[in-house]
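Heads up: the structure comes next, in structure tokens.
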Amino acid sequence: MDAGVLSFLFIAVLIVIGLSILFTFVPVMLWISAMASGVYVGLTTLIGMRLRRIAPARIINPLIKARKAGLDVSIAQLETHYLAGGNVDRVVDALIAAQRADIDLMFERAAAIDLAGRDVLQAVQMSVNPKVIETPVVSAVAKDGIEVKVVARVTVRANIDRLVGGAGEETIIARVGEGIVTTNGSASSHKEVLENPDLISNTVLSKGLDAGTAFEILSIDIADVDVGKNIGATLQIDQAEADKNIAQAKAEERRAMAVAKEQEMRARVEEMRAKVVEAEAEVPMAMAEALRAGKLGVMDYYNMQNILADTDMRKSISQSDEDEENK
């Protein structure tokens, strides 16, 4: 093989390698697609995206959609939103949907909503097609003590202007539940709520529950109303049981005090008896002393013994009569 053929092959290999590097680093096919769609993008711009670590397809494809839809969006705006961590494709889709629905939505506003963590496309779709939020079962007690269980369906529409910083669905559900509890608690009877469920809707709507939220409440419909337990009667039963336990505790306290008092009196009786026995033990000693001193004669002593014997006899006779009567 001569030198000319080798040179040609070497140049051909270099051309192939150069084209491979060019097509790898510079998205030529994407550039051709943009030019075919009527969107002019310079090759230097695409190379700059590569240098800035931006995937060109993430910018050019949404740009083509935006230009075809007639949106005035620049490459710099899309690159800035991409570098900020936003979803460029979703923002462009939201702008197209807003334009078709005749909703005034600017790119900066849509980008801010997307960067705030909300789905801007879903918000635009919800503005066109309102969403129905169903609350869990909300239990409330009327003044007559009867529990009423209510399930409500809230129809809301996204408010584009309040998507940034506005409260979400959880706040709407909490406020609707608060309105349901207020309405049921104000009703004198649970029958009023069962007869007129629209009382709940009117009360909740009049409170302006969508203030400070990212939604606009269109309607509140009561899906289900059920009667629950008799909470008032249950509370009264519990109170009566508690009062009974308190009364029993106080009675037991009084009984214990009475038993203690009785034991104390028995101890005092035994103490008095001990004193009587002690005093009776001193009687013979006093009599002996009186005999020795001549203050008591022998006949006097015998007369006293006769009296005591007679008294004992009478006691024994009366005791026997009582025993016979008891038999």
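For reference, each letter of the sequence shown is one residue, going 1206 to 1532 in the working numbering.
We treat Cβ as the ideally placed atom computed from N, Cα and C, and that holds for glycine.
Taking the beta strand (DSSP E) that residue i falls in, what are its first and last residues?
| i | result |
| --- | --- |
| S1424 | 1420 to 1435 |
Do residue j and residue i count as a contact pair if the criterion is CB distance below 8 Å?
| i | j | result |
| --- | --- | --- |
| I1377 | V1361 | yes |
| V1337 | R1367 | no |
| G1384 | T1408 | yes |
| V1293 | I1252 | no |
| V1325 | R1295 | yes |
| V1297 | A1321 | no |
| I1301 | A1274 | yes |
| A1299 | A1315 | yes |
| I1425 | S1406 | yes |
| V1353 | V1464 | no |
| L1423 | P1335 | yes |
| A1303 | V1329 | yes |
| F1312 | V1278 | yes |
| A1248 | W1236 | Rather than Ala, the amino acid found at residue 1248 in this sequence is Leu. For L1248 and W1236, yes; Cβs fall inside 8 Å. |
Let me confirm a value: residue i is counted as buried when at least 16 other C-beta atoms fall within 10 Å, else exposed. Which label applies?
| i | result |
| --- | --- |
| T1388 | buried |
| Y1245 | exposed |
| S1521 | exposed |
| M1254 | buried |
| E1284 | buried |
| L1440 | exposed |
| L1268 | buried |
| V1448 | Per the sequence presented here, residue 1448 reads as Asp, with Val not at that position. It counts as exposed. |
| V1482 | exposed |
| G1291 | buried |
| R1519 | exposed |
| D1403 | exposed |
| A1392 | buried |
| V1474 | exposed |
| D1415 | buried |
| Y1287 | buried |
| D1319 | buried |
| R1380 | buried |
Could you work out which residue in the options is closest to residue i when comparing CA atoms only?
| i | options | result |
| --- | --- | --- |
| V1369 | K1354, R1323, Y1507 | R1323 |
| N1152 | V1381, L1310, R1478 | For the chain, the structure presents residues 1206 to 1532; residue 1152 sits outside this window and is missing. |
| V1342 | S1521, I1405, E1469, G1382 | G1382 |
| V1398 | P1261, N1511, E1529, V1356 | V1356 |
| K1348 | G1390, Q1453, R1519, R1478 | G1390 |
| G1371 | T1249, N1450, E1421 | E1421 |
| P1489 | V1474, M1509, R1473, E1529 | M1509 |
| S1238 | I1216, P1261, L1256, L1219 | P1261 |
| M1331 | I1308, F1312, A1514, T1340 | I1308 |
| I1427 | N1401, D1517, R1497, R1257 | N1401 |
| S1242 | A1486, N1266, D1515, L1414 | N1266 |
| K1434 | D1515, H1395, M1462 | H1395 |
For the alpha helix (DSSP H) holding residue i, just list the boundary residues, first then last.
| i | result |
| --- | --- |
| R1255 | 1248 to 1256 |
| V1346 | No alpha helix (DSSP H) contains V1346, which is instead part of the beta strand (DSSP E) from 1343 to 1346. |
| D1403 | 1403 to 1411 |
| V1233 | 1233 to 1241 |
| A1274 | Element bounds for A1274: n/a, residue is neither H nor E. |
Please tell me whether residue i has its Cβ less than 8 Å away from any Cβ of chain B.
| i | result |
| --- | --- |
| I1377 | Included in the structure is just one protein chain, with no chain B present. |
Let me check you understand the geometry: is the CB of residue i closer than 7 Å to at least one non-hydrogen atom of the ligand FAD?
| i | result |
| --- | --- |
| F1420 | For the structure depicted, the ligand FAD is absent and the ligand set is empty, with no information on it obtainable. |
Query raised in the report: Of all the alpha helix (DSSP H) runs that stay within the bounds of the region 1281 to 1335, which reach a length of 4 or more residues?
Result: Runs of the alpha helix (DSSP H) inside the region 1281 to 1335: 1293 to 1305, 1312 to 1320, 1325 to 1333.
Query - Inside the region 1334 to 1395 only - alpha helix (DSSP H) runs reaching at least 4 residues - result: 1374 to 1391, all fully within the region 1334 to 1395.
Query raised in the report: Can you give, in chain order, each stretch of the beta strand (DSSP E) that sits fully within the region 1485 to 1509 and has at least 3 residues?
Result: Fully enclosed beta strand (DSSP E) runs of 3 or longer: not present.
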